[in-house]
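So the structure is just underneath, and the comments pick up after that.
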Amino acid sequence: MTTTADLWHHYGRIRAERDRAVPDAFHWIWSQDGGPNCEVLGDLTGRVIGDLGAGAARHAAHLAVHHDSAEIVAIDASPAQYEMATDLFAHLAPRLRITSSDAVPHLQAAKNVYDVLYSVFGAVDFTDPRALLPATSSRKPPRVTGPRCVAGSSRSKCG
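The sequence shown begins at 0 in numbering that gives the first Met the number 0 and counts up one residue at a time.
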């Protein structure tokens, strides 16, 4: 069996050491200082939300603290990012659940669980869309009409 080093081991460590707070804002752009807020996700009241490729789960923590969702699940395949997210935000359970898994198998196993799925510099950027996009179709049918968006750092697909 071949093992691959967790390439995300060092990413975010320095920030996690100096900034352990839940972010006050939700930004879609890399610099985290502008762009649309989470309002593009629609009304989150009572919704079950999945953060695909959550990393340190900062965006998910923001939603768990500052919005009235039923539950937010932060999903990341990196053991190092899972460990960091758990260290930073495990105290937000049960509203925030941190899960160590690849996005595709997680979504395939969690059919009809999620109302809203999003990705900020996460699974949308690093997962084959031929596998990821069909797996996202297993979410619950939307309760409202309007655009459904899957967003990443460099692209958005809305329809």
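Built from N, CA and C at the ideal position, the CB exists for glycine as well.
Between residue i and residue j, what straight-line distance do the alpha-carbon atoms span, to the nearest angstrom?
i             : j            : result
histidine 61  : leucine 131  : 24 Å
isoleucine 13 : valine 21    : 16 Å
valine 64     : alanine 84   : 15 Å
isoleucine 97 : tyrosine 113 : 15 Å
arginine 57   : threonine 44 : 19 Å
leucine 40    : arginine 46  : 11 Å
alanine 55    : aspartate 18 : 12 Å
serine 136    : glycine 52   : 17 Å
alanine 108   : leucine 116  : 15 Å
cysteine 37   : alanine 59   : 11 Å
Report the partner residues of residue i according to the DSSP bridge assignment.
i            : result
threonine 98 : Ile74
leucine 51   : Ile74
What residue does the beta strand (DSSP E) around residue i start on, and which one ends it?
i             : result
aspartate 160 : In the structure displayed, the chain extends from 0 to 158; residue 160 sits before or after that span and is not available.
valine 115    : 115 to 117
Would you give the residue range spanned by the alpha helix (DSSP H) that residue i belongs to?
i             : result
aspartate 124 : 122 to 125
proline 128   : 128 to 135
glutamate 16  : 12 to 17
According to DSSP, is residue i helix, strand or coil?
i            : result
leucine 43   : coil
serine 153   : Its pLDDT being 43, under 50, serine 153 is placed unreliably by the model, and nothing is read from it.
alanine 56   : coil
aspartate 67 : coil
Could you tell me how far apart the beta carbons of residue i and residue j are, in whole angstroms, since I believe they sit closer than 8 Å?
i           : j             : result
serine 100  : isoleucine 74 : 6 Å
leucine 106 : alanine 69    : Wrong, their Cβ atoms sit about 18 Å apart, outside the cutoff.
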